[in-house]
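*Asks:* Here it is: the structure, laid out below.
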Amino acid sequence: MKGLTIKQENFCNYYIESGNASDAYRRAYSSKKMKDKQVWEESCKLLSNPKVAQRVKELQEEQKNKSDITKERILQELSGIAFSSIASMHNTWIERKEFDELSDKEKSAIKSISTKILKKNIGTSDAPEIVDVEYVKIELYDKIKAIERICKMLGFDEPTEIEMNTSKPISVEEAKKLIERL
Numbered sequence: 007m008k009g010l011t012i013k014q015e016n017f018c019n020y021y022i023e024s025g026n027a028s029d030a031y032r033r034a035y036s037s038k039k040m041k042d043k044q045v046w047e048e049s050c051k052l053l054s055n056p057k058v059a060q061r062v063k064e065l066q067e068e069q070k071n072k073s074d075i076t077k078e079r080i081l082q083e084l085s086g087i088a089f090s091s092i093a094s095m096h097n098t099w100i101e102r103k104e105f106d107e108l109s110d111k112e113k114s115a116i117k118s119i120s121t122k123i124l125k126k127n128i129g130t131s132d133a134p135e136i137v138d139v140e141y142v143k144i145e146l147y148d149k150i151k152a153i154e155r156i157c158k159m160l161g162f163d164e165p166t167e168i169e170m171n172t173s174k175p176i177s178v179e180e181a182k183k184l185i186e187r188l
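This note's numbering applies: residue 7 is where the sequence shown begins, and numbers increase by one.
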């Protein structure tokens with residue numbers, strides 16, 4: 007983009023690469039003598055520069071266009087995690103489905119699977135009958151984090167704007183009571 011210095015352009019590229027403004031600033035500028043707070047302040051100033059902000063947007067768009075990642079795909083993946091159920095991965099309360107029988111959506115909600123086999127005596131002490139018992143632990147991705155991310159993406163967490171009009175001035179106490187009722 008015209009109007010950016012080489013260091014500003016480098017900052018933009020490093021910011022896209024790392025997602026961290028302070029790290030991008032440290033890589034693009036000489037900051038060895040600067041304290042972390044000053045680096046953070048300078049990186050925030052850079053990001054609020056309209057030309058730098060525009061260039062960051064352009065680079066993000068370029069990345070988005072190069073990949074086939076869309077908000078819809080991300081939401082679809084997150085919804086698979088958010089609304090998954092371990093119950094759908096079992097035929098009965100004790101018998102789990104074979105991995106091949108799971109849908110792609112169910113598989114994508116699985117964070118990890120671990121197994122262990124232990125020897126267990128199902129007989130008596132006089133007539134032991136030792137069998138292998140397989141324990142399977144299926145861990146799903148965090149549903150709450152997925153739901154929080156969906157809410158953030160869809161703007162459900164945005165503050166709601168409420169317009170309040172009064173015909174006469176009110177006291178601070180009355181204003182607090184009005185706010186509490188909302």
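For each residue, glycine too, the CB sits at the ideal point set by N, CA and C. Note that the structure is predicted; figures quoted are calculated from it, not measured.
In angstroms with no decimal places, state the Cα-to-Cα distance between SER24 and ASP148.
*Replies:* Going by the C-alpha atoms only, they are around 24 Å apart.
*Asks:* Less than 8 Å between the CB atoms is what I'm expecting for GLU15 and TYR31, so what's the real figure, rounded?
*Replies:* Rounded, the Cβ-Cβ distance is 13 Å, inconsistent with contact.
*Asks:* Can you name, in chain order, every residue of its own chain whose Cβ lies under 8 Å from the Cβ of THR35, other than the five neighbours on each side?
*Replies:* Note that residue 35 is Tyr in the sequence shown here, rather than Thr. For TYR35, where only same-chain residues beyond five positions count, the Cβ hits under 8 Å are LYS13, PHE17 and GLU48.
*Asks:* Distance, Cα to Cα, LYS57 vs LYS183?
*Replies:* Cα-Cα distance, rounded: 44 Å.
*Asks:* Within the same chain, show all residues whose beta-carbon is closer than 7 Å to that of ILE116, passing over the 5 residues directly before and after it, in chain order.
*Replies:* Within the same chain, ILE116 has close Cβ partners ILE144 and LEU146.
*Asks:* DSSP puts VAL62 in a beta bridge; with which residues?
*Replies:* DSSP, once it has assigned bridges, lists no residue as partnering VAL62.
*Asks:* Exposed or buried, what is ALA152 when buried is set at 16 or more other beta-carbons lying within 10 Å of its beta-carbon?
*Replies:* So ALA152 counts as buried.
*Asks:* Would you tell me roughly how many angstroms separate the C-alpha atoms of SER173 and ALA181, rounded to the nearest one?
*Replies:* SER173 and ALA181: Cα-Cα distance of roughly 13 Å.
*Asks:* Under DSSP, the beta strand (DSSP E) around ASN127 begins and ends at which residues?
*Replies:* Start and end: 116-127.
*Asks:* For GLU68 and ALA59, what's the separation of their Cα atoms in angstroms?
*Replies:* Spanning the two alpha carbons is a distance of roughly 14 Å.
*Asks:* For GLU109, which option in ILE80, GLU154, ILE87 and GLU179 has the closest C-alpha, if you only look at C-alpha atoms?
*Replies:* It should be noted that the sequence gives Ser, not Glu, for residue 109. Measuring from the Cα of SER109, the nearest candidate turns out to be ILE87.
*Asks:* Among the residues of its own chain, which have a CB less than 7 Å from the CB of GLU46, if the five just before and after it don't count?
*Replies:* Note that residue 46 is Trp in the sequence shown, not Glu. Excluding residues within five positions, the ones whose Cβ falls inside 7 Å are SER28.
*Asks:* Let's test the definition: count the other Cβ atoms within 10 Å of the Cβ of ARG187 and tell me whether it reaches 16, buried, or not, exposed.
*Replies:* Answer is exposed; the Cβ neighbour count stays below 16.
*Asks:* With 16 as the cutoff for other CB atoms within 10 Å, does VAL137 come out buried or exposed?
*Replies:* Flag for VAL137 reads exposed.
*Asks:* Is the Cβ-Cβ distance between LEU52 and ILE156 less than 8 Å?
*Replies:* Not in contact: LEU52 and ILE156 (Cβ atoms no closer than 8 Å).
*Asks:* Classify TYR141 as helix, strand or coil using the three-state DSSP reduction.
*Replies:* If DSSP states are grouped into helix, strand and coil, TYR141 belongs with the strands.
*Asks:* Assuming the contact rule is C-beta atoms closer than 8 Å, MET159 and LYS77 should be a hit. Round their C-beta distance to whole Å, please.
*Replies:* Sure, about 7 Å apart at Cβ, within 8 Å.
*Asks:* Kindly indicate which three-state DSSP category ILE87 falls into: helix, strand or coil?
*Replies:* Three-state result, ILE87: helix.
*Asks:* From this set, PHE105, ASN71, ILE119 and LYS111, which residue's C-alpha is nearest GLU83's C-alpha?
*Replies:* For the residues PHE105, ASN71, ILE119 and LYS111, the minimum Cα distance to GLU83 belongs to LYS111.
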